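S.K.: Read top to bottom, the protein sequences are chains A and B.
In case it helps, our numbering puts the first sequence at residues 31 to 337.
In case it helps, our numbering puts the second sequence at residues 0 to 1052.
To start, I am sharing the structure in question, which I have written as structure tokens.
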Amino acid sequence: MGSAEKKQRKKKPNLKKRKNSQLSETDENLITVKEDNEQNKPSGKKKIKREKGNSFDVSDVQDNSNKAAKEKKRNKSKKKLRREEKSNATPIDEVGEHGAEDGDDADNSNGASQVKKEIENPGRPVGKSKKARKKKKKDRGSLMKDEELEENTRDADEDDVYMISSGDEDCSKGMKKWVTEYHQSRPGLKVLQQRIDEFITAHEAKLEQERKEREARAAEGGWTVVVHHKGRKKTTDAESGIAVGSVAQAAVEDKMAKKKKKDVGLDFYRFQRREAKRNEIMLLQSKFEQDRKRIQQLRAARKFKPY
Amino acid sequence: MDADTTVTLTDPMDFKVEELLKEVHFARTPAITKLVDDTVSAIRKSISKIPDAFPVTADLAPGFVRDIGADKVEFKFNKPKTFKIGGSYSINCVVKPAVNVDLFVGLPKECFHEKDYLNHRYHAKRCLYLCVIKKHLKSSPSFDKVEWSAMQNEARKPVLVVYPAVKSVEAPGFFVRIIPTAASLFNIAKLNLKRNNVRAFNQDGIPRATPKYNSSILEDMFLEDNAEYVEKTISRWKELGEALILLKVWARQRSSIYVHDCLNGYLISILLSYLVSLDKINNSMKALQILRVVLDFIATSKLWNRGLYFPPKGQIGVSKEEKLQYKEAFPVVICDPSAQVNLAFRMTSVGFCELQDEAASTLQCMDKCGDGGFEETFFTKIDFPAKYDYCVRLNLRGHTEVHALGFCLDDECWRLYEQKVHSLLNQGLVDRAKSIRVTWRNSPSEWNIENGLAVLDREPLLVGISVSSLEKLFRIVDIGPNAENKEEALRFRKFWGEKAELRRFKDGTIAESTVWESEQWTRHLILKGIIEYVLLRHLSISKENVVQIVDQLDFSLLHGAKDLVSFSASLLEAFEVLSKRLHLIEDIPLKISSVQPLDSAFRFTSVFPPEPHPLANERHTVSRLHKLTPSCIQPLELEGSGNWPMDHVAIEKTKSAFLIKIGESLQNRWGMTCSATEDDADIFMSGYAFRLKILHERGLSLVKSENGNKAKRVYSTDKMLFIRGQHASMINGLQGRYPVFGPVVRVAKRWAASHLFSACLVEEAVELLVAYLFLKPLPFNVPCSRVTGFLRFLRLLAEYDWTFSALVVDINNDFGPEDFKLINDNFVSSRKASEENVQNVNPALFLATAYDKASEAWTTCSPNFTELKRLVAYARSSANLLTKLILEDQTDSCRWECLFRTPLNNYDAVVLLDRQRLPYPRRLLFPSEVNRGRHVARVNASKAFGPFLVPEEMKGSSEEVKNKMMVDFDPLRCFVGDVEASKEYSKKLKLWYDSLGGDAIGLTWERVGSKKREREEAPEEETDSIDVLKAVGELGKGFVRDIYFLKAPRLMS
């Protein structure tokens, strides 16, 4: 504890220095903010362009491989894709509006009715892929076939899709693991009580041993390092935890608060008053400067536009 | 800019005003002057080409002439007597963004007969005259388009809007309004207020006075004179013009007063001139001071009662009788300088009350808000959706009832309809509403005046209702007149129809009354029921044309078909019993000294409060059951003892030991089930699971000393419990004061979660943000409906200046100057510390409260700068969408859902979860699908977990079944925890998720540090990130369904 306080004390002057230097730096900072923003933009744009290309590839492949069975639907989705790509190119700032539109897009075809269905009977699966999965559940043997079929009809690119097992077989990862962990963490009150007891005894034994070692060391050399304890006097004995001084912390703080009043007032000497006045003016000036900078910043951000 | 040298010693307020003026003032630069002069001269030239004595008949605008009911409208065209630029441009006070110039065109006397003031003949000829001008302007190439508009929404007085073909960058959307004037066309005495000049306006054959009609003509007759007077006054000194601009900015932000039946730019300038003529304003005042004087005059002056009359110049002023006449004819009187016409003849008493209210509240803002209320006065948009608690739209398109009696008599039919709706609502809502505002704009953008006035009902009529108090709002029985009072009772019956019933009340009185049955959690719908009933009963309007903005957001809070808040009472009851039983425990070494509820369900701010679970009870019925039940955390405080261990781990272990003892004791004595882990204990109690925690005082002080070095600000469990306790009691108090607080918080939380911000904005932070709205409502009133509250929450999030100011939530209003100083110091130092790198501002969202003046509790780590930016962007667009939804017609309810539907293409990758494995499938708002990007991985369904107990699991003893129930098990949390725990991925990825039951997780790549300068090849990068995604899928086996890859990681350049 003592050392922590020392550190803090050391840090203080440091902080002050930093404050001063930073005050003068604010100006530069403003500029960097701006630059930063500007830098961000172009790079983002470039990126998007490239991504456009990427995702377009995907859709192309999908279309080629697609069989006549779902052609109509596909076309629709292709259109959708393109539209979404367009919206994709907008920066984040307009995100939500697009979100709204995006939602609309998805809704136009079948989303709305689906939502309703989902709300009505949430437990039941929706859509085709879902049905397939239901089958899977029933019959694990035919699962692979089913899956393959579905994948094939989807598109060739989906061959790349990495299949991950359900994790039901091993408990190293995923749902099974969490469920088992949950149940394992609740072995019943008796077991828990026992574990805690064990821990406490072990803990106490450890402490005891440490104490003994210390004593042994002291006894060995006959010397022990006496550390000066800074700060508040301990009200509890470190080892036994028994209250020693029995002084409530609140009481001490109360006392300290009362003590302060006895100090000589800060405006006792004339130079103090003068200084206080000067400080106040300086403070006002710096505040004004700050305000000014702030306003410039706001102006830069077009904050003065009420419409 | 030499601002640095000149303004060093001015007040920051002046500085801001100056900046504001610069921004909004449409200055007369040489380019602008040229544009205006060119346009005006082009107009003059085109008009001068019109041949004199060109015969004009009603055929030019047959619909218009027919609808206003004019006869004898033929005349021979003559060139205008005068052309004069008037309005705000002439006094150099044009305020952006409405950049226009008024051009007064003096109608020549030759076109009119002496008696043309009768029966709308003047109006018809005025319109036909404009038709001729329009025809010629349209053929000229120097104009882009010529459109119709109406003067102050008065359809019988159309004006021409001319857009020049030459566009200027400085003045986007610039146009000239051609306004006809009628100086000395008619004998003024004939237009006296007492006279009837519309013969059709009579009562049983006795003609009635037509003051509005007369004023409408008189206004045109004195338009030029008054504009001249205003020009003379305003140009006297610079500050007057500036004040006028400020006033306009102020008024325009307030859509409830800047409308046809209240204020407009012209009236503001007249009012200002009036105050100058009274010497209330002198030339030593600054613009802002003048603004204050004007607002103060509006809000408090007694002069309004007798009407405003300019002091007479030499001759005798307005006589007493005349003043009395004015007062009788109009609710508000602002007589023009020549004392011939009441310029405020369109103003209604409701509009004026609203104006006074707004002025008063602005003055209050200036006194009470920070920065002299600058933000609130000029920048906060006070439109219908944000201002009023309830908004109602009436779609009256093609509704013939409106103009059944004719379009225009003394007043126009739309104004009369406004009044009718207002009085109906006033009568129906009695004292539930503090104020009701009804406005109906009738100026469609593309209006073909030739076809008449029937098309002016296109836009919906808008009603805004401010609620007086929630007790009145939620009142179930409205007591009408006593049954003995026959006359009144009859009127009551007539108004309410079958809804009125005779009731005997407790105090023995028998009175007419109306009853609006409603469940506790649908009380906010009472008003809706009343409005619907009244309007449908008295107006021949169909139900779907009455759109009330009340319950459109409620779907987001429903769990299945009901709002779980209805269970809150039983939850509180269960808590009471549990707390009593805890206090009674004797067989543990220390007694429990206090029990406090912590969960947000106890303060009605939980989106989904727990539902009693049949298995967590003593008896249970078998049905389809949730496997899970959420827990409500509550800390206990034990008696003090010196026997506690000192180090952290040992304390925690001791706590657990105590909890187990408590659990055993409860189990033995009351037969309650206790399920415990090493860290916490869950007690089942009348259907709820309560998670017990022990708050140890020593833990608090231990942390304090550890926290000495400020670098590491991680709260220990005890400190966290303590803070949460403080927060809970604070918010609980607030919820007691404002019952709407809970629903608003719930909607806000749901919004944040459904946009996958669960990780960024903790629940408590949302509660504090909403609390701020209730504690510092200015310039509004405290919100009284969830829609309004939610809109203001979004706007607060979007518009608050997070970078430069702390948000202080002063719940009990007990912060003194020292507290504010302390908070400000904390804020400044937190900003200083992160000054080198703006991206690292910490906390980006500074929320100061009584228990946490340095914003360390909720927002230290999140949202960070980028997250906040995203949050603000989402809030802004949601707020805009919501505003649009309230004001405009979208018949499909789908649009409302978009507020909660997040676009998944804003993420770099998307993880879709298995909907069958979600703990609460019913909470899913929209099933997500991704149909773009690259499908990276697919996970097989797991059988390890399902949200419901299946019949097989229900077999066996009740004890076994109980063990199958999972308390507070959240696979999403486990998954996120696992991903974040793996050091490899947590640095590369950021997860955005919805902890309230969404089925999608958005992933964004964390910026690759600048150390890694070498630019890797893009495809390589991509495969790398795909591997990461696959690994993430592995971590979520059995829970994740699909993973899609949308964008490759960005490199820092």
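Ideal placement from N, C-alpha and C gives every residue a C-beta, glycine not left out.
Model, not experiment: these values are computed from the prediction.
1) Measure the C-alpha to C-alpha separation of Ala249/A and Ala232/A and round it to an integer number of angstroms.
2) How many whole angstroms separate the CB atoms of Leu898/B and Leu912/B, which I take to be in contact at a CB cut-off of 8 Å?
3) Pick helix, strand or coil for Met205/A, following the three-state DSSP scheme.
4) With DSSP as the reference, identify every bridge partner of Glu153/B, one or two as the case may be.
5) Provide the residue span of the alpha helix (DSSP H) that contains Phe789/B, from first to last.
6) In this structure, does DSSP put Asp809/B in helix, strand or coil?
7) Residues of the segment 925-943 of chain B with a CB closer than 7 Å to any CB of chain A: list them in chain order, please.
8) Between the Cα of Glu817/B and those of Cys783/B, Asp370/B, Lys852/B and Lys285/B, spot the shortest distance and give me the residue it belongs to.
9) When the Cα of Phe574/B is compared with those of Gly724/B, Phe689/B, Arg503/B and Ser861/B, which residue comes out closest?
10) For His934/B, name the three-state secondary structure that DSSP assigns.
11) Using beta-carbon positions only, say whether Tyr228/B and Ser183/B come within less than 8 Å of one another.
12) Where does Leu217/B fall in DSSP's three states?
13) Tell me, to the nearest whole angstrom, how far the beta carbon of Val275/B is from that of Thr209/B; I am working on the premise that it is less than 8 Å.
14) Find the residues of chain A that neighbour Ser655/B, judging by a C-beta separation of less than 8 Å, and give them in chain order.
15) Do Ile885/B and Pro459/B have their CB atoms nearer than 8 Å?
16) Considering only C-alpha positions, which residue in the set Asn811/B, Ala499/B, Phe789/B and Phe845/B is nearest to Ile822/B?
17) Any chance the segment 97-107 of chain B sits against the segment 185-204 of chain B, with 3 or more Cβ pairs inside 8 Å?
18) Check each residue of the segment 962-990 of chain B: if its Cβ is closer than 7 Å to any Cβ of chain A, include it; give the result in chain order.
19) So which residues of chain A does Glu22/B contact, with C-beta pairs closer than 7 Å?
20) Touch check for the segment 471-489 of chain B and the segment 424-441 of chain B: three-plus C-beta pairs under 8 Å?
21) Compare the Cα-Cα distances from Thr858/B to each of Glu763/B, Asp37/B, Lys692/B and Leu563/B and report the closest residue.
22) Taking the alpha-carbon positions, what's the Lys579/B to Met719/B distance?
23) Any C-beta of chain A sitting closer than 8 Å to the C-beta of Gln551/B?
24) Give the DSSP-derived three-state secondary structure of Val871/B in the structure shown.
25) Indicate the three-state DSSP secondary structure (helix, strand or coil) for Phe334/A in the structure shown.
26) On the premise that Pro970/B lies in contact with Phe925/B, defined as a C-beta separation below 8 Å, what is that separation, rounded to the nearest angstrom?
27) Using a 10 Å radius around the Cβ and a threshold of 16 neighbouring Cβ atoms, would you call Glu245/A buried or exposed?
28) Does DSSP classify Arg396/B as helix, strand or coil?
29) Just the Cα atoms here: how many angstroms apart are Phe229/A and Glu651/B?
30) Do you know how far the Cα of Ile464/B is from the Cα of Gln547/B?
31) Measure from the alpha carbon of Tyr212/A to the alpha carbon of each residue in Phe740/B, Asn863/B, Asp1041/B and Thr676/B, then state which is nearest.
32) Residues in its own chain within less than 7 Å of Ala69/B by CB, not counting five upstream and five downstream?
33) Assuming Asn863/B is part of the alpha helix (DSSP H), what are its boundary residues?
34) Under 8 Å, do Ile1090/B and Leu733/B count as touching if we go by C-beta distance?
35) If you drop the 5 nearest sequence neighbours on each side, which residues of the same chain put their C-beta closer than 7 Å to that of Ile267/B?
36) Taking Cβ positions, are Ala149/B and Pro157/B nearer each other than 8 Å?
M.R.: According to the structure shown:
1) 25 Å
2) Their Cβ separation, rounded to whole angstroms, is 22 Å, which puts Leu898/B and Leu912/B out of contact at 8 Å.
3) helix
4) Met150/B
5) Arg785 to Glu798
6) coil
7) Phe925, Pro926, Asn930, Arg931, Gly932, Arg933, His934, Val935, Ala936, Arg937, Val938, Asn939, Ala940, Ser941, Lys942 and Ala943
8) Lys852/B
9) Phe689/B
10) strand
11) no
12) helix
13) Not quite, the Cβ-Cβ distance comes to about 33 Å (not below 8 Å), so this is no contact.
14) Leu222 and Ile226
15) no
16) Phe845/B
17) no
18) Met965, Phe968, Pro970 and Cys973
19) Phe334 and Lys335
20) yes
21) Glu763/B
22) 25 Å
23) no
24) helix
25) coil
26) Not really, about 20 Å apart at Cβ, beyond 8 Å.
27) exposed
28) coil
29) 11 Å
30) 11 Å
31) Thr676/B
32) Asn118, His119, Arg120, His122 and Ala123
33) Looking at the DSSP string, Asn863/B is not in any alpha helix (DSSP H), and its letter there is neither H nor E.
34) Lying outside 0 to 1052, the shown extent of chain B, residue 1090/B is not represented and no answer is given.
35) Leu243, Leu246, Lys247 and Ala250
36) yes
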